[in-house]
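Student: Okay, handing you the structure first.
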Amino acid sequence: MTPATGALQDGTDVAVPQSLGELFLAFNRLALQGFGGVLPVAQRELVERRNWLTKDQFVEMLAISQVLPGPNVVNLALMFGDRSFGTRGAMAALGGMLMAPMVIVLALTALYVRFDQYPMVTGALRGMGAVAAGLILSTGLKLLGTLRRNAMGLPICLGFGALTLIGTAWLRIPLVWVIAGLGSVAIVVAWWRLKAAR
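Quick note on numbering: the sequence shown equals residues -12 to 185 in this note's numbering.
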């Protein structure tokens, strides 16, 4: 994709950031809205509001960002920024993601250290955790439809999702081993299904 055309190699027509400043401000806005989890906001901002990515493209970039070390949405910002404007775009998106939230987190940390003994503060933090879980679940449900177009098909994708949940949440297998094991199997299954479809 180039900033001038907005057309991807596969012919998909999407809007594009017009400048590094627009890219920086978009990711800054995204980060400032993401209390408890930025992923739902990223999907809304990049796919629904700005139309910079299709749902399928968002899911593909998110999948890659989840297997890389580091925070998912930071990886997504770096990939999208690089895709839009190269290294300068990656730095602009990263700066937008991190600058204002870093200042806010440092200020809130100072306040928390001072007021953490109050039950109201503890209760508020527990409530925020529940809201964050709901936001992530909502985003997952919104993106579920893209799995129908996945090479493996919806039932197999849901099976891998269930196995991932069982492995990490109930069996407490470290995430790196779940990704290495199930990810490797998923790659083989997708390759086999794509080869059979030709």
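Beta carbons: idealized from backbone N, C-alpha and C, even for Gly.
Keep in mind it's a predicted model, so treat the numbers as computed, not measured.
If you draw a straight line from the C-alpha of residue 65 to the C-alpha of residue 80, how long is it?
Tutor: Their backbone Cα atoms lie some 6 Å apart in a straight line.
Student: Under a three-way DSSP split, which group does residue 0 fall into?
Tutor: Residue 0 falls in the strand class under three-state DSSP.
Student: Look at the Cβ atom of residue 28, then the Cβ atom of residue 45, and state whether they are nearer than 8 Å.
Tutor: No, Cβ-Cβ distance for residue 28 and residue 45 is not below 8 Å.
Student: Quick one: what's got a C-beta closer than 7 Å to residue 42's C-beta in the same chain, skipping five residues either side?
Tutor: Same-chain partners within the cutoff: 34, 130 and 133.
Student: From which residue to which residue does the alpha helix (DSSP H) around residue 44 run?
Tutor: 42 to 54 is the span of the alpha helix (DSSP H), which, as asked, contains residue 44.
Student: Alpha carbon to alpha carbon, how far is residue 31 from residue 37? Give it in angstroms, no decimals.
Tutor: Their backbone Cα atoms lie some 8 Å apart in a straight line.
Student: Grab me the residues of residue 154's own chain with a C-beta within less than 6 Å of its C-beta, minus the 5 sequence neighbours each way, in chain order.
Tutor: Hits under 6 Å: 160 and 165.
Student: Does DSSP put residue 197 in a helix, in a strand, or in coil?
Tutor: Outside the displayed range of the chain (-12 to 185) lies residue 197, so it cannot be described from this structure.
Student: With a threshold of 7 Å on Cβ separation, who are the neighbours of residue 75 within its own chain once the five nearest residues in sequence on each side are excluded?
Tutor: Same-chain partners within the cutoff: 7.
Student: Would you kindly report the start and end of the unbroken alpha helix (DSSP H) that includes residue 126?
Tutor: Taken as a continuous stretch (DSSP letters only), the alpha helix (DSSP H) holding residue 126 covers 106 to 130.
Student: For residue -10, does the three-state DSSP call read helix, strand or coil?
Tutor: For residue -10, the pLDDT reaches just 41, beneath the cut-off of 50, and the residue's location in the model is therefore unreliable, although a value from the coordinates is still provided. Here residue -10 sits in coil by DSSP.
Student: When the Cα atoms are used, what is the spatial distance from residue 78 to residue 18?
Tutor: Approximately 15 Å, taken between the alpha carbons.
Student: Buried or exposed: residue 185, going by 16 or more other Cβ atoms within 10 Å of its Cβ?
Tutor: Flag for residue 185 reads exposed.
Student: If I'm right that residue 107 touches residue 15 with Cβ under 8 Å, what's the distance once you round it to whole angstroms?
Tutor: Not confirmed; about 30 Å, so no contact.
Student: Does the Cβ-Cβ distance between residue 82 and residue 12 come in under 8 Å?
Tutor: Cβ distance not < 8 Å, so residue 82 and residue 12 don't count as in contact.
Student: Among 120, 118, 167 and 173, which residue has its Cα nearest to the Cα of residue 145?
Tutor: The candidate whose alpha carbon is nearest that of residue 145 is 173.
Student: Can you tell which of 61, 1, 21 and 150 has its C-alpha closest to the C-alpha of residue 122?
Tutor: If we check each option's Cα against that of residue 122, 21 comes out closest.
Student: Closest to residue 140 by C-alpha separation, out of 63, 117 and 178, would be which residue?
Tutor: With distances taken between Cα atoms, residue 140 lies closest to 178.
Student: Using C-beta distances below 6 Å, list every residue in its chain close to residue 126, excluding the 5 sequence neighbours before and after it, in chain order.
Tutor: 26, 27 and 30.
Student: Rounded to whole angstroms, what is the Cα-Cα separation between residue 53 and residue 112?
Tutor: Using only the alpha carbons, I get a separation of about 25 Å.
Student: Please report the Cβ distance between residue 48 and residue 40, rounded to the nearest whole angstrom; I am assuming they are in contact, meaning their Cβ atoms lie under 8 Å.
Tutor: Yes, residue 48 and residue 40 are in contact; Cβ-Cβ is about 7 Å, under 8 Å.
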